[in-house]
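Residue numbers (mature numbering (1 follows the signal peptide of the UniProt record, and there is no 0)): -24 to -1, 1 to 409.
Ideal Cβ positions, reconstructed from N, Cα and C, are used throughout, including at glycine.
What follows is one structure encoded as structure tokens, with my remarks underneath.
Have a look at this one:
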């Protein structure tokens, strides 16, 4: 009996000595939880991995330390889901990382290149954050990272948008780089992309059709880029895409500048609500009436193209507008035209000195009142009428007239005709020798 008790005590002592090494106890420089499977060793100025880490870790935080190289040191953690190696001195993503990773955070290191082998076999990786490094080139292999949803390459030194990004990706942050171009086909497969961050780069334009396949895009940031707003050949695509997309665009290009590629022809003025008010309508109607009355003195010239009336001083025209009593029917221009009842137009041109004697010409000469009677229409004695009213008036104008001379009226012609008729009768009544 005593022998069995001694053997049992010995076994318990052996277990107490060797079990902590085999199962792993939380290192003294770290904090552990979840049955020591979640380990936080951040901010400990570590340069090597602490002793005692379990192989079945699911969470490991090594951030804010002084690690320079972790190649091949993390492969044994085959159940690891989240690895945080941010804020260290790493020059590359650690080689041979466990394929069980879901999330990898490697921000604020000295990584210069994202090699294709760094992510070639990460089939389960969902989050990859390599921001705030010095990455100049990111090489991704086609059809790898099939589970990746979030890619953060912001605050690096990239010049070109990485190609071969996984087709299932939903968020891509490429802000704060030196990006100036997007190669053809780079974004064609990203039909599940919902958020794209391109602010604080060097884009001057976006190539044609670069965003056309981003059917699920919800947010895109484009501010703080040196857009070539005067480039009529390349800039129109992104400007038109911004106008037509359903995504929320933060920092639309050239929003505070006129579009030089648009037509500069002023559009015709459209009527506004103010124009329909009674006061505005009345004012516009008055303006139209005024403009219609203003050219009244030249109505003779417009109506009768061949009529050349006597020139009257502009002062007389302004002081005494020409009056046109009578009908508005035009003069007869051809004997073959339609016959109308005769209508008389009388033009009264008066002396300008009657309205304002102080405005008389300095020479002392004055223009006497003149009356012109113009008969229009088809009179019954058309064959006896002058062939051209204009010619008659021109002859009258060419004849110098005395100050009291007047244009012969119709009554004077009738008196002359009557006297001629009486002379003929008197001649006929004389006895024949």
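Rounded to whole angstroms, the gap between the alpha carbons of residue 95 and residue 177 is 25 Å. Burial check for residue 52: the Cβ neighbour count within 10 Å stays below 16, so the residue is exposed. In terms of Cβ geometry, residue 61 and residue 38 form a close pair [threshold 7 Å]. Ranked by Cα distance from residue 129, the options 141, 209, 151, 19 are led by 151.
DSSP, reduced to helix, strand and coil, places residue 102 outside both helices and strands of the structure shown, so it counts as coil. Scanning its chain for C-beta atoms nearer than 8 Å, with the 5 sequence neighbours on each side dropped, one finds around residue 1 the residues 12, 28, in chain order.
The Cβ atoms of residue 110 and residue 88 sit closer than 7 Å to each other. Rounded to the nearest whole angstrom, the CA to CA distance from residue 171 to residue 64 is 28 Å.
For residue 80, the enclosing beta strand (DSSP E) starts and ends at 79 to 81. The shortest CA-to-CA distance from residue 73 to any of 46, 84, 83, 86 is the one to 46.
Boundaries for residue 69: no beta strand (DSSP E) harbours it, and the DSSP string shows neither H nor E there. A direct Cα-Cα distance of roughly 51 Å separates residue 211 from residue 20. For residue 149, the uninterrupted beta strand (DSSP E) segment begins and ends at 147 to 149. A distance below 7 Å separates the beta carbons of residue 137 and residue 162.
In the structure shown, residue 157 adopts extended strand secondary structure according to DSSP, grouped into three states. The Cβ-Cβ distance between residue 101 and residue 70 does not fall below 7 Å.
Distances from the CA of residue 141 to each of 133, 117, 156 were compared; the closest alpha carbon is that of 117. Within a 10 Å sphere around the beta-carbon of residue 23 sit fewer than 16 other beta-carbons, which makes this residue exposed. In the DSSP assignment, residue 224 is bridged to 195.
The criterion of a C-beta distance shorter than 7 Å is not satisfied by residue 213 and residue 175.
It is roughly 26 Å from the alpha-carbon of residue 189 to the alpha-carbon of residue 133.
Selection 97, 114, 35, 185 evaluated against residue 75 yields 97 as nearest (Cα-Cα). Bounds of the alpha helix (DSSP H) holding residue 92 are 92 to 95.
Going by DSSP, residue 171 is part of the beta strand (DSSP E) stretching over 171 to 173. Here residue 186 carries a coil assignment [DSSP, helix/strand/coil]. In the assembly as shown, residue 203 is a buried residue. Its beta-carbon has 16 or more other beta-carbons within 10 Å. Distance between residue 85 and residue 112, taken at the CA atoms: about 13 Å. Of the residues 68, 390, 105, 41, the one whose Cα lies closest to the Cα of residue 58 is 105.
Its chain contains 23, 64, 65, 66, 67 as the residues whose beta carbon lies nearer than 8 Å to that of residue 44, once the 5 sequence neighbours on both sides are disregarded; these appear in chain order. Ranking 186, 103, 158, 131 by CA distance to the CA of residue 146 puts 103 first.
Contact between residue 173 and residue 139 does not hold, since their C-beta atoms are separated by about 18 Å, which reaches or exceeds 8 Å.
In the structure shown, residue 89 adopts extended strand secondary structure according to DSSP, grouped into three states. Cβ atoms of residue 201 and residue 187 stay farther apart than 8 Å, at about 14 Å. For residue 205, the closest of 192, 182, 78 by C-alpha to C-alpha distance is 182. With 16 or more neighbouring CB atoms inside 10 Å of its own CB, residue 82 falls in the buried class.
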